[in-house]
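Numbering (our numbering), first residue to last: 4 to 374.
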């Protein structure tokens, strides 16, 4: 018969062995980005940001267990979002998934929520993303906040007549609603709202309709970089000389680089690439060194998205708590405020981040802050 002392010793040894085993098990983190199709530029940008964060986390030895990345191609479509999230949650057993795009997020959120996977959105900006699921976390300001920021600027600049070209999807529809409700309060008028399907690439007819309503400014609401590029190019080619305005998608490198974007105004979360604050300086210098390019806010979001995981998992490891979707979410809601690259970020009761919005202008193939 086993003596009590022997049993306790055996139990302690088993527990110690389990803890040692647990510490060597990888933390599975998923990415659900568009790696093919017309939005592959976003997927590459997001992936590069996650990889840079992983480099820094590894160099700092932040975690006892390593992070293992698993990737699924969302193709920036709801179907791709649903299929990819299902695999990440049920096959790869990811506890934390970085994703983007409004349609993808809305399709993936119920699946992630049912499987208790924390989902980090750093790219989709549809206002309804704020309440998709308790497990859905927004680390980017949503479109309603971006529109709210640009409306006073339009009024101050005397750009009272606005034409809106928007993709007929949840993001575009929400921006249309925000402009229709918000412009009159600033003394402005929505003189035309022209919806286009996500696949449209010819905008000559839209240019003619825009010309007819005689706007002071044209606002583009599409999450598709190649489509925004063609909108700007073809409207300029068709003689539309008015001020172009958009949301944070205007910060995409291919948009900033094209000549037709010269002077375009776009909103986005505040980011000072010249700051000497250690975290943002490390991100900026790391990005320039690793990718030989200038950083953009989308990259900052996904860099911070993985750094946030490391902070949460570090706290759980130190407390001896298993790192799961449930415990990660509980830790997020317990701490709420984090020092990330770019400054302090606080998450509200819906796990949406609050951060300042800045207004930028494309000039000479670069973006410059103007407000």
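Where is the CB? At the ideal position from N, CA and C, for every residue including glycine.
Reduced DSSP category for residue i - H, G, I as helix; E, B as strand; rest coil
i, result
"residue 115", "helix"
"residue 55", "helix"
"residue 331", "helix"
"residue 1", "A query on residue 1 cannot be resolved here, the shown segment of the chain reaching from 4 to 374 and no further."
"residue 63", "helix"
"residue 1", "This structure cannot settle anything about residue 1, because the visible part of the chain is limited to 4 through 374."
"residue 36", "strand"
"residue 339", "coil"
"residue 3", "Because the chain in this structure spans residues 4 to 374, residue 3 falls outside the shown range and cannot be described."
"residue 223", "strand"
"residue 24", "Any reading at residue 24 must be qualified, since the residue scores a pLDDT of 45, below 50, and its modelled position is unreliable; no value is offered."
"residue 294", "helix"
"residue 167", "strand"
"residue 371", "strand"
"residue 240", "helix"
"residue 76", "strand"
"residue 99", "strand"
"residue 277", "coil"
Cut-off 8 angstroms between Cβ atoms - residues of its own chain near residue i, not counting five sequence neighbours on either side
i, result
"residue 242", "210 and 214"
"residue 261", "232, 235 and 236"
"residue 25", "Because residue 25 sits at a pLDDT of 46, beneath the cut-off of 50, its placement in the model cannot be relied upon, and the following sentence gives the value as read from the coordinates. So the qualifying residues of the chain are 68 and 325."
"residue 363", "253, 254, 268, 269, 270, 271, 370, 371, 372 and 373"
"residue 171", "198, 199, 200 and 201"
"residue 446", "The question about residue 446 has no answer here: the residues shown for the chain are numbered 4 through 374."
"residue 60", "66, 70, 309, 310 and 313"
Check whether residue i and residue j have beta carbons under 8 angstroms apart
i, j, result
"residue 335", "residue 282", "no"
"residue 120", "residue 92", "yes"
"residue 145", "residue 135", "no"
"residue 350", "residue 359", "no"
"residue 251", "residue 202", "no"
"residue 332", "residue 49", "no"
"residue 66", "residue 322", "no"
"residue 106", "residue 89", "no"
"residue 304", "residue 126", "yes"
"residue 173", "residue 109", "yes"
"residue 140", "residue 123", "yes"
"residue 411", "residue 98", "Absent from the model: residue 411. The displayed extent of the chain is 4 to 374, so no value can be given."
"residue 361", "residue 273", "yes"
"residue 206", "residue 238", "yes"
Sequence-distant residues of the same chain with beta carbon closer than 7 angstroms to residue i, five excluded per side
i, result
"residue 22", "Note on residue 22: pLDDT 48, under 50, position unreliable in the model; the coordinate value appears next. Excluding residues within five positions, none has a Cβ falling inside 7 angstroms."
"residue 158", "189, 190 and 191"
"residue 216", "166, 194 and 195"
"residue 347", "340"
Integer-rounded CB distance, given that residue j should sit under 8 angstroms from residue i
i, j, result
"residue 77", "residue 84", "5 angstroms"
"residue 276", "residue 298", "6 angstroms"
"residue 266", "residue 128", "Wrong, their Cβ atoms sit about 23 angstroms apart, outside the cutoff."
"residue 220", "residue 259", "No, residue 220 and residue 259 are not in contact; Cβ-Cβ is about 19 angstroms, not under 8 angstroms."
"residue 42", "residue 227", "6 angstroms"
"residue 204", "residue 245", "Residue 204 to residue 245, Cβ: 22 angstroms. No contact."
Chain-order list of residues whose beta-carbon lies under 6 angstroms from that of residue i (same chain, five-residue window excluded)
i, result
"residue 224", "169, 175 and 178"
"residue 12", "Per-residue confidence for residue 12 stands at a pLDDT of 46, beneath the threshold of 50, marking its modelled position as unreliable; the derived number appears in the next sentence. For residue 12, where only same-chain residues beyond five positions count, there are no Cβ hits under 6 angstroms."
"residue 38", "46 and 76"
"residue 292", "none"
(request) Pair every Cβ in the region 178-196 with every Cβ in the region 148-157, then say whether three or more of these pairs are closer than 8 angstroms. (result) yes
(message) If contact is defined by three or more beta carbon pairs under 8 angstroms, each pair taking one atom from either stretch, is the region 100-117 in contact with the region 27-36?
(response) With a cut-off of 8 angstroms, the region 100-117 and the region 27-36 count as touching, because enough Cβ pairs lie within range.
(message) Could you check whether the region 48-57 touches the region 308-315, counting it as contact only if at least three pairs of C-beta atoms, one from each stretch, sit closer than 8 angstroms?
(response) yes
(message) Does the contact criterion of 3 or more C-beta pairs under 8 angstroms hold for the region 192-212 versus the region 157-168?
(response) yes
(message) Measuring CB atoms only, is the region 287-295 touching the region 312-323, in the sense that at least three cross pairs come out at less than 8 angstroms?
(response) no
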